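Right, one structure below, let's go through it.
There are 2 protein chains.
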Amino acid sequence: MSPRESANNVDPMFLSRWSPRAFLEKPIPEADLMSLFEAARWAPSCFNDQPWLFLYSKSEKDKALFLSLLMDSNQVWAKAAPVLAFALTRKHFSHNQAPNRLAAFDTGAAWMSLALAAHKIGLATHAMGGFHQDAAYEKLQVPRDKFEIQCAIAIGYRADADTLPTALRDRETPSQRKATQTIAAAGSFPKDLLY
Amino acid sequence: MSPRESANNVDPMFLSRWSPRAFLEKPIPEADLMSLFEAARWAPSCFNDQPWLFLYSKSEKDKALFLSLLMDSNQVWAKAAPVLAFALTRKHFSHNQAPNRLAAFDTGAAWMSLALAAHKIGLATHAMGGFHQDAAYEKLQVPRDKFEIQCAIAIGYRADADTLPTALRDRETPSQRKATQTIAAAGSFPKDLLY
């Protein structure tokens, strides 16, 4: 696949960050892992409600549990990552318990901060929508009326693509994007926007 | 208010970015504005669907329309910002039109990239959940069955706090955050987590 090319001048971190599947089985120092949550912590949010919660695997037992909640297609590669995490969203505002319309959106902002902070210190992250929903709520004991599990996240150091099963090796490359003009438009909703 | 202090070592950009209300009435060069959407463009997303769309004000007419859609409490300060934008989410996947459970979350990731890219080049951003929902869908001609408007965003250069109405001056300071241990926990859902 061709390398990523920026259509506009932009800080290189946005282009050089990507979501690999090949991870080294190398532990992450605790301080480095905490620095990722520290970055997430400072994301902006509606009413500064900070509706995000990250559960992460610390023990081998946590890791085995978290891994078992992923779809098989993700377990195949995510098992090598030293840390697995789940990004959760608190659905109601802390100050009045009203539904927070922007809770998922704000949690996405915290996740992006985490991903960029990881990239900055040589760690890679890969978010996964593919996990067993019912099992995840049950086994992680997440109160479904109050929290939503958004995604799982693999965190670790990149490994060579040839550590992956054959079928995944060819996909181990940064993905491309749509043209900038299809994601940013001047004025009202663009009538000619096609997907 | 006390300055922001990091509990863990983290790239300074996460702490130094904040959401001011005082903006200079100074235009943003087109290339700089485009570089923000370029950063958003490279955010990760479920199935690489890139479910975000940013509408931004280019003409004075756009600006007046966008401003009119904000709650009065936001219009008071956001009127000075040279660019207003709305962050939209496409609710269905492009490849099969199925509902995209992670669309808002992924759009939040794109927004965070935009906010950090702005900060990197000396621009400030401030997202607002407070806008007139029905009017925004109607006036921006957003197809409500297909897209969701997440928030409005003011973009521009910071001004002195004394350019703000008196009531807002004291609030013109970076907001604080909850302790890191309340947003990141090892293992399953923490039973003692209180809000």
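Protein sequence lines, in the order shown, are assigned to chains U and F.
The working numbering puts the first residue of the first sequence at 1, with every later residue one more than the last.
The working numbering puts the first residue of the second sequence at 1001, with every later residue one more than the last.
Backbone N, C-alpha and C fix where the C-beta goes; we use that ideal spot for every residue, glycine too.
Just so it is clear, the structure is predicted and the values come from calculations on it, not from any experiment.
Residue-level contact check: residue 56 of chain U touches chain F, since one or more beta carbons of chain F fall below 8 Å from its beta carbon. Contact annotation: residue 82 of chain U and residue 28 of chain U have beta-carbon atoms nearer than 8 Å. Annotation for residue 1090 of chain F: the continuous beta strand (DSSP E) segment containing it runs 1083-1090. Contact check for residue 1115 of chain F and residue 51 of chain U: beta-carbon distance about 17 Å, past the 8 Å limit, so the pair fails to qualify.
With a minimum length of 3 residues, the unbroken runs of beta strand (DSSP E) contained wholly in the stretch 165-191 of chain U fall at 184-186. Against chain F, the CB of residue 23 of chain U has no partner CB under 8 Å away; the residue lies outside that interface. Rounded to whole angstroms, the gap between the alpha carbons of residue 55 of chain U and residue 1064 of chain F is 44 Å. Comparing C-alpha distances from residue 188 of chain U to each of F:1127, F:1136, F:1107, F:1074 shows the shortest one belongs to F:1136.
By the Cβ test, the stretch 30-38 of chain U is not in contact with the stretch 165-172 of chain U, since fewer than three Cβ pairs between them sit closer than 8 Å. Shortest Cα-Cα distance from residue 84 of chain U to any of U:94, U:131, U:113 involves U:131. Cβ contact annotation for residue 110 of chain U (same chain, cutoff 6 Å, sequence separation greater than five): 40, 43, 52, in chain order. Positions of the alpha helix (DSSP H) runs, each at least 4 residues long and wholly inside the stretch 1017-1047 of chain F, are given as 1030-1041 in order along the chain. The C-beta separation of residue 1038 of chain F from residue 6 of chain U comes to about 6 Å, placing the pair in contact by the 8 Å criterion.
In this structure, the straight-line span from the alpha carbon of residue 61 of chain U to that of residue 164 of chain U is close to 24 Å.
Between residue 22 of chain U and residue 154 of chain U, the gap from beta carbon to beta carbon reaches 8 Å or more. By the neighbour-count criterion, in which a residue is buried when 16 or more other Cβ atoms sit within 10 angstroms of its Cβ, residue 1095 of chain F is exposed. Secondary structure of residue 128 of chain U (DSSP, three-state): strand. Between residue 1150 of chain F and residue 105 of chain U, the C-beta spacing is below 8 Å. Just measuring C-alpha positions, the residue of U:49, U:92, U:88 sitting nearest residue 1178 of chain F is U:49. Distance check between residue 13 of chain U and each of U:193, U:120, U:159, U:124 places U:120 closest, using alpha-carbon atoms only. The three-state secondary structure of residue 150 of chain U, taken from DSSP, is strand. Residue 1060 of chain F has a beta carbon lying at 8 Å or more from every beta carbon in chain U. Taking 7 Å as the cut-off between beta carbons, the residues of the stretch 1008-1037 of chain F near chain U are 1008, 1009, 1010, 1011, 1014, 1015, 1019, 1031, 1034, 1035, 1037, in sequence order. DSSP, read as helix, strand or coil, puts residue 157 of chain U in coil. Secondary structure at residue 1105 of chain F: helix, using DSSP grouped into helix, strand and coil.
Rounded to whole angstroms, the gap between the alpha carbons of residue 89 of chain U and residue 1088 of chain F is 19 Å. Those residues of the stretch 1061-1084 of chain F placed with their C-beta closer than 7 Å to a C-beta in chain U are 1062, ordered along the chain.
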